[in-house]
Structures are given as C-alpha cells and as structure tokens.
C-alpha cells in the first residue's frame, strides 16, 4: 500500500491553505508541523519512535487508525476522526494527550480504546454518532479503558454506545488508596496504626503530667 513517509531528520510543514492526503497512510519518523493549517484525508496515522507531530493551532482529520509511539504535541489544535477513509474499526495504540478530540461516524463505526489510561483530552471531547447508527466505544481488552479528561475538559456526546469497561474521565483523581491487599500494604497499615497509637499514648501522658503540675 502506498503511504507518505516523513523520514528521520526531515520535516513536513503543512501550509496554511491545508494539505489533503486523499486517505493515504502517514508514517512520521521525522517532524510534522501543522501550525495553523489543515492536514486532512489521513488514512492511518503512525507516529514512530523518534517521530514528532506538532499540532499547533491546526486540525488533523484521520479516517483510519492512530498509533503514537513517538511524540504528539497537541498545542491548541484538534484531531478529528471520520468515516471518510475506512469502514472498519478504528484502533488507538500508544499514549497520547489531545487538546480537542472528535470521534464521529454516521455508519455505527467502532472505536477501540487502549486498556488503561493512555488517552487524555484537555479541551473538548466530541463523540458523535447518528440516529440508529450509534458510535461504538469498546476496550482493546477485557480491562478498563479510560479516556482521561483534563481539569477544564468538556464532553459533547450524541448517539453513543459505550461498553461497560470504557470510562470517560478518570475517577478519584489524585486520591490513592492504601494497598491493603498485599503484604506491603498490610505492613504499612500496621506501622501506621502502631505509630498513631504510640503518638496518642504519649500525648495522653503529657496531658496528664501537665494537669498534675498545674
């Protein structure tokens, strides 16, 4: 299959007027700079190790899969997935932080989200299906797949079917539970309880001694 390759140590600058790849896959080993332009008609987009895509204020439209094992700098731009280039499932692989992310389909397309919290949206997450043809979100495995949301992120959704093991927005951000189900957790819990009891005992003795002196 023909594809556009940006070799290592080279760069592709998308012009302000835009660039349409006509559903050709894009493999990035060097650098792609979107700036304020529109990079449209991307089939599968692969950011390989050592490759960088700088989103700037521009927009990328993708019709196939997304693979990010390099570096994607979202900027203030958008990535939009449509039905334009493929009727099959869209697979996400790798860890990516998006600014604005749109998943859209009028054909009931399935988007496969990687298990874990590997995708993050800091701006607006738009999930847009069609009446009678809902967009489908599924996990890449039996484990929970999370599209994490930044502090100011928004979600816009319509006609979406979401599997039970797909989560939008991470629960209990910044709160870590005590690992009491393994030996280390039990040992830590025991030490904490012992320290608390010792502190309370010393505080009580100090209080009683102070009361007697007074």
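In the working numbering, the protein residues as written are 99 to 312.
By construction, the Cβ of each residue, glycine as well, lies at the ideal position given by its N, Cα and C atoms.
These figures come from a predicted structure and were not determined experimentally.
- Distance, residue 191 Cα to residue 137 Cα: 20 Å
- Message: Measuring only the C-alpha atoms, how far is residue 141 from residue 178?
- Response: 12 Å
- Distance between residue 186 and residue 105 (C-alpha atoms, nearest Å): 28 Å
- Query: Tell me which same chain residues have a C-beta within less than 6 Å of the C-beta of residue 193, skipping the five on either side of it?
  - Reply: 216
- Task: Tell me, please, which residues DSSP counts as bridged to residue 255.
- Result: 225
- Message: If I measure Cβ to Cβ from residue 107 and keep anything under 7 Å in the same chain, skipping five residues before and after, which residues do I get?
- Response: 128
- Task: Decide if residue 243 is buried, meaning its Cβ has at least 16 other Cβ atoms within 10 Å, or exposed.
- Result: buried
- Task: Can you give me the Cβ contacts of residue 175 inside the same chain, cut-off strictly under 8 Å, excluding the 5 residues immediately before and after it?
- Result: 132, 153, 154, 155, 156, 157, 158, 197, 198
- Would you list, in sequence order, the uninterrupted beta strand (DSSP E) runs of no fewer than 3 residues that lie entirely inside the region 161-235? 164-166, 169-171, 176-179, 188-192, 194-196, 198-202, 208-211, 214-219, 222-226
- What are the start and end residues of the beta strand (DSSP E) that includes residue 243? 243-247
- From the DSSP output, read off the bridge partner residues of residue 111. 131
- By Cβ distance below 8 Å, which residues in the same chain neighbour residue 218 in space, the five residues on each side in sequence not counted? 194, 195, 196, 245, 246, 247, 248
- Task: Taking the CB atoms as reference points, tell me whether residue 264 and residue 235 lie closer together than 8 Å.
- Result: yes
- Nearest-angstrom Cα separation, counted from residue 267 out to residue 220: 11 Å
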